[in-house]
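Here's the structure we're looking at; comments come further down.
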Amino acid sequence: MRPCWLLGLGLVAFAASSSASFASIIHVSDIEFNKNTTDFPYLPTHVVPKSYYIYLNVSLKTFSYDGCVSIDVEVLEETNLIKLHSDVAKIKHVLVSNPTPNGNNPVQFSFLTTTFIKNPVPPGLLNIEIVFRGEISTEDLTGIHASFYDVHWNRQKSEFMVVTQFEPTGARRAFPCFDEPSFKAMSQKPLFRRTPVRACTRPGESSKARVSLDATVAALDYFTDLFGIENGIRKVDVLAVPQFSAGGMENWGLITARHSVLVPKMTPLSIRKKYLLNSLMSHEVGHFWFGNLVTMKWWDQLWLKEAFATYFSKSLFSFQVNPQEKSEALSFMVGVQTTALYQDGYLNSTSIQRPVHKPDQLLDMYNLATYEKGAAVLRMIHDYIKSKNPNKDLFLKAMRIYLKRHQGDSVEAGDFWNVFQEAAGENIGALFFEWFKKPGFPLVTVSLASLGFADLMTLKQERFLWSYQKNENATTWNIPIEICQISEMTPELSNCAQKMLTAAKAGDLVQNDMTSFHVVRSGHYNLDRLLKTIAKFKNEHSYLMKRTVAHSDHYAKDLQKKQRKTYDDFDQNGNKIEYL
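Numbers -20 to -1, 1 to 560, taken from mature numbering (1 follows the signal peptide of the UniProt record, and there is no 0), label the letters of the sequence shown in order.
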């Protein structure tokens, strides 16, 4: 029996076939589809979708469509409940049947779905077919919606295209489905044109999308080589959408993004516009691995896809722009780290990972904490692991294991931390997991006292805030600090090593040689030195005058942030910045 064979049958009801392995009566009142409500009613986990076949007959005149979805599911334990999401205009027919070698045997038919009253469904395979009617939205850019545009050669004529936007909860508005990330399943995606990578624009503008096409190809090649694993699809289309709710969407095989970004009016692009375009395309392509190939189980761990896509998309940019002009470190600091630090300095900032129980909480997850701060913390972890073994990139090794082991699956943060412990030989999760659970970031203060025979440096941490507000939680972190020796004989930083300032508020170090504490460029924290420390450094002019501009610039940025704290004296910070 072909999928969605109910579509042409009208209002005919079917009795259970005598050859069916089980049969039970389904009543209209027993059928339950979860809609968007004030709370998330999580779907039961004992029925799991395996594959979808979706047919839509779209009417562009009425902005509506008739559809049928055929879902193969696996029942893991005996149950009298099958529940899924639907927010379509009307459910017409439902057929639940068990597949056999000869096709599907109808179990029973009714108008809606899901509770089996008489006999519980035993473990095994089932097929659910639902015929429905949906509407194409002309206002809300989610689910299946229209996107209007002017014809290129006739600005007086308006056309429109029909587009989908499913993340985070828009799929249920298009067709009945199991609309949660942990219920990932394959769908039939027939190929009509086998061009490996293609850009689609409105008529007359395809040549302007060449730069977007090149960025997509470069990202696909880069990530395939970097991760050592294919992305799981045979072709990729890039579609320019005039009216779109997001910057881009990583539909597996069909990236959608705003027309204004994908089809620039003028080329060649400036460095800034090239950065924005390449960042967008590499971010969406990165989701083919982080998000599509491997998916988080629930929205509270959205960073498992968004932070990784942000991090690796920024690392790719250094390969697409003249490396003499834009280093990877500078690109990342400007594009991600400073943005994350600024936003994270407020008392009401949010943590990277946090509970999601309501729809408004879900939408709030798409913020700087999940994207930029998540990427900044990942980079800090990467550098920490690399400092332990400079000759091997154990972070990248862990990523390859993670993707290969969990491809096609849904994961939790624990799966990520387990792989890192395996690859790095250290419990990375225990050291850094709090960075994902706590809002804000630390300010590390270094003070100096002379013991006569040596210097005692004290490191103290507290949560950084732009304006003084009492922090009742007294938040602390495990912080990687880079310690380097300096002297007149070695005017550059030497013998640098990473140390961990633990979650204790303060720690002391006794140093016989002058020591420089500085922000690890990838560290998600600020560092302040008190005047005594600066005064000692000022005596070492032979070193300080030779210090690299990059370090001085980073110190200055550090202190400019600290300067805005109301309880720190402006003149003191001004002196420090002037000296640097």
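Ideal placement from N, C-alpha and C gives every residue a C-beta, glycine not left out.
- Query: Are the beta-carbon atoms belonging to Leu106 and Val76 less than 9 Å from one another?
  - Reply: By one-based count along the sequence shown, residue 106 stands at place 126. By one-based count along the sequence shown, residue 76 stands at place 96. Closer than 9 Å, so yes.
- Message: Let's see if you can read the secondary structure: which residues bound the alpha helix (DSSP H) around Glu414?
- Response: The count along the sequence shown starts at 1 and reaches residue 414 at position 434. Here the alpha helix (DSSP H) through Glu414 covers 408 to 417.
- If Cys48 sits next to Glu109, beta carbons under 8 Å apart, how far is it from one beta carbon to the other, in whole angstroms? Within the sequence shown, residue 48 is the residue found at index 68, counting from 1. Within the sequence shown, residue 109 is the residue found at index 129, counting from 1. About 7 Å; that satisfies the 8 Å criterion.
- Any chance the region 400 to 410 sits against the region 225 to 237, with 3 or more Cβ pairs inside 8 Å? no
- Boundaries (first-last residue) of the alpha helix (DSSP H) holding Glu402: Here residue 402 corresponds to residue number 422 of the sequence shown, with the count starting at 1. Note, Glu402: alpha helix (DSSP H), 393 to 404.
- Message: Within 10 Å of its beta-carbon, does Ser250 have 16 or more other beta-carbons around it, so buried, or fewer, so exposed?
- Response: For the purposes of this step, residue 250 is identified with residue 270 of the sequence shown, where counting begins at 1. Counting Cβ neighbours within 10 Å, Ser250 comes out exposed, since fewer than 16 surround it.
- Using alpha carbons as the reference points, say which of Asp67, Ala198, Tyr322 lies closest to residue 567. Missing from the structure shown is residue 567; the chain here goes from -20 to 560 and no further.
- Item | Closest Cα partner of Ala349 within the set Val131, Phe270, Val27, Tyr322 | The count along the sequence shown starts at 1 and reaches residue 349 at position 369. Nearest option by C-alpha distance: Tyr322.
- Who pairs with Asp130 in a beta bridge, going by DSSP? Here the question's residue 130 lines up with position 150 in the sequence shown. Ser138.
- Message: Three Cβ pairs or more, each shorter than 8 Å: is that satisfied between the region 415 to 423 and the region 454 to 464?
- Response: yes
- Query: Under three-state DSSP, which class holds Ala429?
  - Reply: Reading the sequence shown from its first residue, position 449 is the one you call residue 429. In the structure shown, Ala429 sits in a strand (DSSP, three-state: E or B).
- In chain order, what residues of the same chain lie with their CB nearer than 6 Å to the CB of Ala289, ignoring the 5 residues before and after it? As a first step, residue 289 is located in the sequence shown; it is residue number 309 there, counting from the start. Hits under 6 Å: His263, Gly266, His267, Phe270.
- Task: Could you check if Tyr22 is buried or exposed, using at least 16 other CB atoms within 10 Å of its CB as the buried criterion?
- Result: For this step, residue 22 is matched to residue 42 along the sequence shown. It counts as exposed.
- Message: Could you give the first and the last residue of the continuous alpha helix (DSSP H) run that contains Asn258?
- Response: Translated into positions along the sequence shown, residue 258 becomes position 278. Start and end: 251 to 266.
- Query: In three-state DSSP terms, what is Lys41?
  - Reply: To locate residue 41, count along the sequence shown from 1; it is residue 61. If DSSP states are grouped into helix, strand and coil, Lys41 belongs with coil.
- Item | Burial state of Leu411, where buried means 16 or more other Cβ atoms lie within 10 Å | Along the sequence shown, read from residue 1 onward, the residue named residue 411 stands at position 431. Buried.
- Item | Contacts around Phe375, its chain only, beta-carbon distance under 6 Å, and the 5 residues preceding and following it disregarded | Numbered from 1 along the sequence shown, position 395 holds the residue referred to as residue 375. Excluding positions up to five away in sequence, the list reads His362, Ile365.
- Given a threshold of 16 other Cβ atoms within 10 Å of its Cβ, counted over all protein chains shown, does Met360 qualify as buried or as exposed? As a first step, residue 360 must be located in the sequence shown, where it is residue number 380. That one is buried.
- Query: Per DSSP, what kind of secondary structure is Ser31 in: helix, strand or coil?
  - Reply: To locate residue 31, count along the sequence shown from 1; it is residue 51. The answer is strand: DSSP assigns Ser31 an E or B state.
- Could you have a look at Ala356 and say whether DSSP puts it in helix, strand or coil? The residue you call residue 356 lines up with position 376 of the sequence shown. It is helical.
- Query: For Pro100 versus Glu58, is the C-beta spacing smaller than 9 Å?
  - Reply: Here residue 100 refers to the residue found at position 120 of the sequence shown. Here residue 58 refers to the residue found at position 78 of the sequence shown. In contact: Pro100 and Glu58 (Cβ atoms closer than 9 Å).
- Message: Let me make sure I understand the geometry here. Which of Asn258, Leu260, Pro24, Ile34 has the alpha-carbon closest to that of Asn60?
- Response: To locate residue 60, count along the sequence shown from 1; it is residue 80. Considering only alpha carbons, the answer is Pro24.
- Touching or not, the region 173 to 180 and the region 218 to 225, by the rule of three or more beta carbon pairs under 8 Å? yes
- Does the Cβ-Cβ distance between Ala429 and Leu439 come in under 9 Å? Translated into positions along the sequence shown, residue 429 becomes position 449. Translated into positions along the sequence shown, residue 439 becomes position 459. No, the Cβ-Cβ distance between Ala429 and Leu439 is not below 9 Å.
- Run through DSSP, which three-state label would Asp194 get? Here residue 194 refers to the residue found at position 214 of the sequence shown. Of the three classes helix, strand and coil, the one that applies to Asp194 here is helix, per DSSP.
- Task: Mind checking who Gln441 pairs with in its DSSP beta bridge?
- Result: Your numbering for residue 441 matches position 461 in the sequence shown. Looking at the DSSP assignment, Gln441 forms a beta bridge with Val424.
- Message: Rounded to whole angstroms, what is the Cα-Cα separation between Ala69 and Ile51?
- Response: Translated into positions along the sequence shown, residue 69 becomes position 89. Translated into positions along the sequence shown, residue 51 becomes position 71. So the alpha carbons of these two residues sit roughly 19 Å apart.
- Query: So what's Asp344 in DSSP terms, helix, strand or just coil?
  - Reply: For the purposes of this step, residue 344 is identified with residue 364 of the sequence shown, where counting begins at 1. Correct three-state label for Asp344: helix.
- If you check the beta carbons only, do Ser44 and Glu115 fall under 9 Å apart? In the sequence shown, residue 44 corresponds to position 64, counting from 1. In the sequence shown, residue 115 corresponds to position 135, counting from 1. Going by C-beta atoms, Ser44 is nearer than 9 Å to Glu115.
- Query: Taking the alpha-carbon positions, what's the Arg113 to Gly123 distance?
  - Reply: For the purposes of this step, residue 113 is taken as residue 133 along the sequence shown, with counting starting at 1. For the purposes of this step, residue 123 is taken as residue 143 along the sequence shown, with counting starting at 1. Going from the Cα of Arg113 to the Cα of Gly123 covers about 13 Å.
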